[in-house]
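Visitor: The structure follows.
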Amino acid sequence: MKNKLSKILMVIAVVIMLGATVTGSIFSIISYVAVKDDKERQKKEEDERKAKEDDFENITIAGEYDIISTKNISDAYISGDSSELNDEEKTTLEVASDLLKEIITDDMSDYEKEEAIYLWIVDNVSNETGGIVAVPEARGIVDKPYGVLQNKQAVCVGYATTFRLLTNMVGLDCMVMHDTGRGHSWNIVRLDDGCWYIVDCYFDAGNKYGRYVHFNMTEKLAYMDYDWENGLYPVANGTKYAYSEMNKTVLANANDFMSSVGEAYSAGENTKFYEFDTDSVNRSEILYIADGISSRLQSDYTYGSLTCFENSDSTFMIFYNYVDYSDMDDPWDPGVDDDFDYEKIEEKLDEIFGELSDDYWDDDYWEEGTRTDNVQG
Numbered sequence: 000m001k002n003k004l005s006k007i008l009m010v011i012a013v014v015i016m017l018g019a020t021v022t023g024s025i026f027s028i029i030s031y032v033a034v035k036d037d038k039e040r041q042k043k044e045e046d047e048r049k050a051k052e053d054d055f056e057n058i059t060i061a062g063e064y065d066i067i068s069t070k071n072i073s074d075a076y077i078s079g080d081s082s083e084l085n086d087e088e089k090t091t092l093e094v095a096s097d098l099l100k101e102i103i104t105d106d107m108s109d110y111e112k113e114e115a116i117y118l119w120i121v122d123n124v125s126n127e128t129g130g131i132v133a134v135p136e137a138r139g140i141v142d143k144p145y146g147v148l149q150n151k152q153a154v155c156v157g158y159a160t161t162f163r164l165l166t167n168m169v170g171l172d173c174m175v176m177h178d179t180g181r182g183h184s185w186n187i188v189r190l191d192d193g194c195w196y197i198v199d200c201y202f203d204a205g206n207k208y209g210r211y212v213h214f215n216m217t218e219k220l221a222y223m224d225y226d227w228e229n230g231l232y233p234v235a236n237g238t239k240y241a242y243s244e245m246n247k248t249v250l251a252n253a254n255d256f257m258s259s260v261g262e263a264y265s266a267g268e269n270t271k272f273y274e275f276d277t278d279s280v281n282r283s284e285i286l287y288i289a290d291g292i293s294s295r296l297q298s299d300y301t302y303g304s305l306t307c308f309e310n311s312d313s314t315f316m317i318f319y320n321y322v323d324y325s326d327m328d329d330p331w332d333p334g335v336d337d338d339f340d341y342e343k344i345e346e347k348l349d350e351i352f353g354e355l356s357d358d359y360w361d362d363d364y365w366e367e368g369t370r371t372d373n374v375q376g
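Just so it is clear: in the sequence shown, position 284 is 283 by numbering that gives the first Met the number 0, and no numbers are missing.
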């Protein structure tokens with residue numbers, strides 16, 4: 000009996016020991032899993048933080064306009080699967096897809112696709128956003144493809160992200176660039192020659208400064224008006240599809256240059272590119288004529304400019320653009336029509352609001368600023 004009891008007690012002790020071991024193991028496993036999960040969470044947060052720091056493309060411009068990635072939308076277009084997109088992204092995809100059906104055909108080259116997208120944007124999207132950018136809730140209208148494609152108004156960020164989205168959707172590599180001060184953004188795109196080209200739709204929109212002035216620029220040409228941090232972006236080393244190279248006029252002397260610009264001026268052409276061999280043409284003569292042309296283009300109804308720079312192959316390039324305001328009723332005050340009857344307006348104002356006091360015309364009245372004391376906004 001004693002032996003039997005001893006065996007029972009021994010079994011109980013073993014069970015207790017095993018139970019303690021199992022319990023300890025369970026607690027150890029739980030503790031291990033918790034520590035592992037915490038480490039994974041910390042690693043994920045660190046990776047996300049580093050990714051955000053390393054994301055030189057999708058940043059904030061002018062302190063308020065966010066450059067947001069559109070890769071998931073272009074990927075959905077290419078794959079045909081939009082199930083992972085949110086409602087706004089699905090709407091953007093739908094509108095962008097409909098647009099591409101209108102302007103892109105299967106037989107187009109990469110360059111032709113890019114040009115078609117560029118032309119649609121500069122011809123249809125306005126950068127005259129007016130007071131809309133002052134409304135925080137409305138910023139998505141002008142800085143994201145979702146708003147730009149539907150409302151056709153944009154700030155530079157809206158132009159850049161919309162151009163990137165559409166070119167990515169048709170299979171082109173395209174990125175958004177920004178200046179060192181983060182005050183402006185534009186694009187860099189790679190074509191079928193494997194080379195990169197710089198594009199700024201914002202400055203070419205509405206033909207205000209001439210079409211193609213900022214289309215497929217070489218890096219040297221872009222550096223004349225832009226600055227960015229070296230090493231952040233691919234080098235814009237292409238020349239095959241550089242618009243200035245494709246459409247340049249090669250001239251032999253300064254007199255030919257003067258005549259050619261004169262013909263372009265008379266024809267109302269927007270943009271001309273010229274190249275000279277500096278071995279055979281006196282550089283000072285070209286600069287003298289360019290300065291003379293520019294000074295004569297500055298008038299009430301015309302604006303023209305000539306920009307000069309040295310190419311790496313020791314040639315000298317000049318491009319010319321011309322804007323004609325002569326069709327406007329009043330180019331410096333386009334909101335007032337020539338037929339505006341000031342007398343009738345004054346009479347109506349007097350009738351509704353009362354006549355102005357004699358003090359209104361006194362200099363002291365204006366110096367004290369009393370006229371606008373009660374004006375809000």
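Glycine included, every Cβ here is placed at the ideal spot set by N, Cα and C. In this text the structure is predicted, and so the values were computed from the model without any measurement.
State the Cα-Cα distance for the pair residue 69 and residue 79, rounded to the nearest angstrom.
Guide: 15 Å
Visitor: According to DSSP, simplified to helix, strand and coil, what is residue 256?
Guide: helix
Visitor: Kindly indicate which residue of 290, 95 and 283 has the alpha-carbon position closest to the one of residue 169.
Guide: 95
Visitor: Tell me the rounded alpha-carbon separation between residue 194 and residue 231.
Guide: 16 Å
Visitor: Anyone know if the C-beta pair for residue 61 and residue 182 falls short of 8 Å?
Guide: yes
Visitor: Hey, how far is the Cα of residue 90 from the Cα of residue 220?
Guide: If you take the alpha carbons of residue 90 and residue 220, they lie about 37 Å apart.
Visitor: Is residue 77 buried or exposed, if buried means 16 or more other CB atoms sit within 10 Å of its CB?
Guide: Classification of residue 77: exposed, given that the 10 Å Cβ count is below 16.
Visitor: Could you name each continuous beta strand (DSSP E) segment of 3 residues or more that falls completely within the stretch 118-190, going from the start of the chain to the end?
Guide: 172-177 and 184-189
Visitor: Only counting the same chain, and skipping five residues up and downstream in sequence, which positions put a Cβ closer than 7 Å to that of residue 88?
Guide: So the list reads 71 and 72, once near-sequence residues are dropped.
Visitor: In this structure, how does DSSP classify residue 60 when only helix, strand and coil are distinguished?
Guide: If DSSP states are grouped into helix, strand and coil, residue 60 belongs with the strands.
Visitor: I think residue 175 touches residue 63, with their Cβ atoms under 8 Å apart; what is that distance to the nearest whole Å?
Guide: With 8 Å as the limit, residue 175 and residue 63 do not qualify as a contact, their Cβ atoms being about 16 Å apart.
Visitor: For residue 109, collect the residues of the same chain with a Cβ closer than 7 Å to its Cβ; drop the 5 residues on either side in sequence, then sort them by chain order.
Guide: 171, 190 and 191
Visitor: Under a three-way DSSP split, which group does residue 239 fall into?
Guide: Three-state result, residue 239: coil.
Visitor: Count the other CB atoms within 10 Å of the CB of residue 122; is the residue buried (16 or more) or exposed (fewer)?
Guide: Exposed.
Visitor: Would you list the one or two residues that DSSP bridges to residue 102?
Guide: Paired residues: none, contrary to the question.
Visitor: Under the rule that 16 or more other beta-carbon atoms within 10 Å means buried, what is residue 160, buried or exposed?
Guide: A buried status is given to residue 160, since no fewer than 16 other beta-carbon atoms sit within 10 Å of its beta-carbon.
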